[in-house]
Each structure stands twice: as C-alpha cells, then as structure tokens.
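Here the protein sequences come in this chain order: F and Z. Using the numbering used here, the first residue of the first sequence is number 1, and each one after it goes up by one. Using the numbering used here, the first residue of the second sequence is number 1, and each one after it goes up by one. A short write-up of the structure that comes next.
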Amino acid sequence: MTISDVTLPARLPYSTTLKAGQILRIIDLESQQAVDALFYNLHDFSERYSAQDTLAMQAAQGGPFYLQTGSVLRSNEGRPMLTVIRDTCGFHDTCAGACSCESNTVRFGFETRFMHACRENFLTELGKYGMGKRDLVSNVNFFMNVPIRPNGELTVDDGVSEPGGYVELRAEMDVLVLISNCPQVNNPCNGFKPTPIRIIVSKGK
Amino acid sequence: MNLDNLTPEQYRARYEALQSEARLRASTPAASATAALPVLGNIRATESIPPGCYVALRLRRFDIIRITNPAGTPGAALFMWNEDEPSERFNAGDTTKLQWTTQLTTGRVLFSDMGKILAAITADTGAGHDSIIGPNSPLQTTGRNGRDNLRLAAAKFGLTRRDLGPAISLFSKIVADETGRLHYAGPPPTGAAVELRAEQNLLLALSNTPHALSPVTSATGSIEIAISHAPPDASDLCRHFTQEAIRGYINTDTGFAE
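Listed below in structure tokens is the structure:
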C-alpha cells in the first residue's frame with residue numbers, strides 16, 4: 001500500500017519519515033542521476049547514519065566498499081537503520097560524500113562557487129528539523145559510481161543506472177530521510193544533466 | 001562562459017581535463033615516504049598515550065605534531081575541528097575526493113567540510129592511513145575503542161557525538177582489490193611515524209586504539225607525540241603539491257590576516 005508517491009524535480013531537496021518496516025523506493029527515472037541521502041533516528045537525531053560503521057561491518061563480512069542488495073545501513077551506534085532489499089543498479093557510493101559550494105571551488109575551480117550543491121539542499125532541509133551543519137555527516141550517494149582502484153585512486157565515474165532503475169530500502173527503525181536530488185554538473189555523477197527522480201514510501205508486509 | 005548552461009559534452013571535457021591532471025600528479029613520485037623522519041627541532045611538549053587511551057589537544061596554526069608508533073600498534077584514531085569555528089571539521093569524503101586518492105601520505109592534506117585545509121602531512125614513513133573504514137568501535141570490541149575515545153575527547157571540548165563524522169585511522173594500511181573489497185594489510189612496522197602541520201587553530205582528538213578491521217582489537221604499545229612549531233617556507237611541498245591543494249590553501253589563508 002502506497003503511503004506517498006512524489007516526483008522530485010531535478011536539483012531539489014526533499015525529506016520524509018519512515019516507520020520501522022516501511023519501504024522507501026527511489027527511482028532513477030531517466031538514468032545516471034545521483035541521489036544523496038542522510039538518515040536520522042526519528043526519535044533522537046543525534047543517532048544518524050554512519051558510513052564507517054556500515055562499511056566496517058560490511059567489509060568484515062567480506063562485502064564491498066559500496067552498497068548493494070543486502071547492505072545494512074548502520075547508525076553511529078552501530079545499529080541497523082535500513083536494509084537494501086531490492087536494487088537494479090548494484091553500486092551505491094558511501095565514501096565520497098556530498099558536493100558543496102566550498103568543495104566545488106577546490107575540486108572544479110573558484111568559478112563554480114555559486115552553483116547548486118547537495119549540501120546547500122541538505123542545510124535547507126535540516127533547518128526544518130532544528131538541525132544544522134553539525135548534523136550534516138556522512139551520506140549515501142544512491143546511483144553514484146565511485147570506484148576505489150588498487151592504486152588508491154578514487155574517482156567519480158559515469159553512473160551505471162538504467163532509466164527506471166530503482167533501489168528499495170526497508171526501515172529497521174523509525175527514521176527521518178533527507179534527500180538531495182544532486183545538482184552537480186561538474187562531474188559525471190548525473191551524466192552532466194540533472195534529472196527528476198521519483199520517491200515512493202509504502203507500507204511493508 | 002556561463003557555467004550553468006554548458007552542454008554535457010563541455011562539462012565532460014572540463015572534468016576529464018581535471019582528472020588527467022590529477023592522475024599525472026599522482027603518478028609523479030614527488031611525495032615519498034621515508035624510512036625515518038628528519039629530526040624535529042624546538043619540541044615544546046611530548047606525551048605518551050598508553051594503549052587504549054586518548055588525548056584532546058589544542059594546536060596553533062603552523063604547530064607541528066609528530067605521532068610515532070614505536071611498537072607497531074595496529075592503528076591510532078584521529079579527528080579534528082577548527083577551534084575558531086568547531087562546526088568546521090575533518091571531512092573524510094572531501095579529503096579523498098578532492099585529492100582523487102585514498103592514499104594519505106607525505107604531500108597530501110586533510111580537508112575540512114568548508115573547502116579549507118585543517119592539516120598537512122609534512123612527513124610520513126608510509127605505514128598507510130585510512131579514512132574509508134576508520135577506527136574501531138563497540139561493533140569490534142567490548143574494550144576501549146576508537147569511537148568512544150573520540151567522543152570522550154570531543155566531550156573535553158564541549159562537543160558531542162553530533163560533532164563526529166568519519167575519522168582517520170593512522171598506521172592502518174587498507175588495500176582495494178579488483179572486486180571492490182577493501183583488505184586490512186596487517187599491522188604497521190615498528191617505529192612508524194607521521195607528522196602533521198596545523199593549517200588552522202585546531203582541536204584534535206587522538207586515540208591509541210586499533211583500526212576497525214584489525215584482528216588485534218586492543219592496542220599493543222604506546223603512541224608517542226611531540227609538538228613543535230614551524231611555519232611553512234616558500235618551497236613547502238604540501239602547499240604546492242596539487243592544484244586542488246593550492247585552491248584549498250587560498251580558501252584557508254583568506255581567513256587569516258597575515
């Protein structure tokens with residue numbers, strides 16, 4: 001049963017809440033669209049998604065440094081927040097963080113300073129919940145392809161998601177979800193052309 | 001040039017030019033690990049951190065902190081904040097993404113979330129330092145651990161768990177394989193050392209606790225620190241190592257009227 005069904009235009013932020021057991025589906029409508037996401041315990045925002053807790057447990061179990069079906073997203077208390085239950089893409093980054101105006105100046109030159117950025121979206125959305133920049137921690141980049149090569153090189157490569165590709169997560173606790181439909185055009189994470197996404201929350205079984 | 005209205009092909013050309021420059025610099029052995037670090041002059045403080053323990057330190061801009069691992073204990077957890085504006089803090093994602101590499105060693109810098117540089121790696125014996133998986137936590141041990149120790153150090157500055165994000169595990173070599181797995185490459189050699197120069201006034205948390213993937217979950221020896229002060233000279237490696245670092249230093253130095 002669908003609880004909400006939203007088409008989020010290119011470049012915009014969004015937030016919603018999930019009760020434990022509910023399902024979040026994010027659909028990459030036109031392909032190669034990075035979707036940055038932050039997760040907080042709905043009842044105590046100081047417990048939030050932790051990329052290092054997530055990857056440490058996944059690596060200890062023989063898993064990769066990216067998220068895919070079966071990945072358990074953990075909080076800074078090590079607790080499961082969400083589980084990836086379906087995924088047509090197979091690669092979701094959680095190492096490279098979200099783009100910001102300030103980091104864009106370093107990465108792409110000072111001329112990019114006033115362009116759109118995910119952390120501007122996140123700050124806008126965080127403010128609605130009484131949070132600020134201290135709360136802008138490690139995030140997931142759904143549909144974003146960030147290989148780490150044996151020589152240590154880390155790059156943002158072309159996305160591999162197909163039109164209509166999706167990822168589905170089951171909430172393991174009540175969570176606040178913040179999303180930035182990534183506006184970045186200076187690297188290939190959005191195919192150099194930001195596009196709309198669709199976000200569906202449904203009641204689990 | 002209106003950057004909001006280029007074609008996808010024009011954006012791609014800009015990205016590929018930056019990427020090939022970064023690859024060229026990464027393959028240039030300008031930064032090299034050395035067997036032993038040069039003698040550190042004008043030491044004003046030293047401290048020994050016993051196994052499982054931590055320190056919370058304030059560093060002035062251009063202070064040098066040398067961190068030595070005599071026994072080859074498997075990791076030391078590190079996090080830092082800008083003392084003048086603690087909402088600005090170490091950002092692991094930016095540090096690797098902006099420098100196009102996970103290999104943090106001599107010549108590389110540690111970025112905050114504000115496009116500024118908190119510290120530079122001015123010397124390193126090359127034991128490897130990891131900001132992807134990071135320090136251990138109660139998930140790996142019931143004993144003293146990096147996550148809790150960093151929180152305790154943060155508390156000494158009036159900060160809380162909200163103020164910690166992905167941290168660095170010093171002396172922790174992590175290697176990626178062709179299948180997308182990261183592997184722990186074993187404990188560091190005895191006598192491993194790394195030297196950082198503060199590029200802003202810093203609050204620094206340093207814990208003598210292992211890496212999250214270390215099979216040895218308790219520290220096996222002390223971590224020694226020595227603090228000195230040495231402003232960079234005109235030929236400083238870190239300040240000129242990459243185009244990204246040069247831009248990061250422009251952002252950083254703008255905040256200091258000197």
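Just so it is clear, CB atoms sit at the ideal spot from N, CA and C, and this is done for glycine as well. In this text, all values refer to a predicted model and were calculated from it rather than measured experimentally.
With a beta-carbon spacing of about 6 Å, residue 37 (chain Z) and residue 195 (chain Z) fall inside the 8 Å limit used to define contacts. Here the alpha carbons of residue 84 (chain Z) and residue 178 (chain F) stand approximately 29 Å from one another. Along the length of the segment 37–65 of chain F, whole beta strand (DSSP E) runs at least 3 residues long occupy 44–48, reported in chain order. For residue 133 (chain F), the C-beta contacts it makes with chain Z under 7 Å involve 87, in order along the chain.
Taking 8 Å as the CB threshold, residue 8 (chain Z) lines the interface with chain F. When 8 Å is used as the limit between beta carbons, residue 107 (chain F) is near these residues of chain Z: 18, 97, 98, 244, in chain order.
Contact note: residue 178 (chain Z) reaches chain F through 149, 150, using a C-beta cutoff of 9 Å and chain order. Residue 137 (chain F) belongs to the set of residues whose beta carbon lies under 8 Å from a beta carbon in chain Z. For a cut-off of 8 Å, the C-beta gap from residue 146 (chain F) to residue 154 (chain F) is around 6 Å, short enough to register as a contact. Looking from the CA of residue 118 (chain F), the closest CA among F:55, F:201, F:38 belongs to F:38. Every beta strand (DSSP E) of 3 residues or more that sits fully in the segment 105–158 of chain Z is shown, in chain order, as 109–111, 117–124.
Residue burial annotation: residue 43 (chain F) is exposed, with fewer than 16 other C-beta atoms found within 10 angstroms of its C-beta. For the pair residue 200 (chain F) and residue 6 (chain Z), the Cα-to-Cα distance works out to about 32 Å.
Residue environment for residue 91 (chain Z): buried (at least 16 other C-beta atoms within 10 angstroms of its C-beta). Put simply, the CB of residue 114 (chain Z) is near chain F, with a gap under 8 Å to one of its CB atoms. Nearest to residue 67 (chain Z) by C-alpha distance, out of Z:217, Z:219, Z:48, is Z:48. Here the alpha carbon of residue 99 (chain Z) sits roughly 8 Å from the alpha carbon of residue 242 (chain Z). Look at residue 244 (chain Z) here: in three-state DSSP terms it is helix. Here residue 56 (chain Z) carries a strand assignment [DSSP, helix/strand/coil].
Judged by their CB atoms, residue 158 (chain F) and residue 61 (chain F) are not nearer to each other than the 8 Å cut-off. When the Cα atoms are used, residue 76 (chain F) and residue 147 (chain Z) turn out to be separated by approximately 9 Å. For the pair residue 97 (chain Z) and residue 252 (chain Z), the CB atoms are not nearer than the 8 Å cut-off. For the pair residue 158 (chain Z) and residue 86 (chain Z), the Cα-to-Cα distance works out to about 10 Å.
Membership of residue 156 (chain F) in any beta strand (DSSP E) is not indicated, and neither H nor E is assigned to it by DSSP. Under the 10 Å beta carbon count, residue 131 (chain Z) is surrounded by 16 or more other beta carbons and is classified as buried. When DSSP states are grouped into helix, strand and coil, residue 87 (chain Z) belongs to the coil group.
Residue pairing by DSSP places residue 103 (chain F) in no beta bridge whatsoever. Rounded to the nearest angstrom, the gap between the Cα atoms of residue 171 (chain F) and residue 71 (chain F) is 12 Å. For residue 43 (chain Z), the secondary structure class from DSSP, reduced to helix, strand or coil, is coil. Considering only beta carbons, the part of the segment 49–72 of chain F lying closer than 9 Å to chain Z consists of 50, 51, 52, 53, 55, 56, 57, 59, 60, 62, 63, 64, 65, 66, in chain order. When beta bridges are read from the DSSP output, residue 165 (chain F) appears opposite F:28.
Of the residues Z:240, Z:107, Z:93, the one whose Cα lies closest to the Cα of residue 103 (chain F) is Z:93. Within the same chain, Cβ atoms closer than 8 Å to the Cβ of residue 212 (chain Z) are found at 133, 134, 135, 136, 137, 139, 140, 146, 169, the five residues on either side in sequence being excluded.
For residue 121 (chain F), no chain Z residue has a Cβ inside 7 Å of its Cβ, as the nearest lies near 15 Å away. Bounds of the alpha helix (DSSP H) holding residue 122 (chain F) are 118–127. Here DSSP, grouped into helix, strand and coil, assigns residue 233 (chain Z) to coil.
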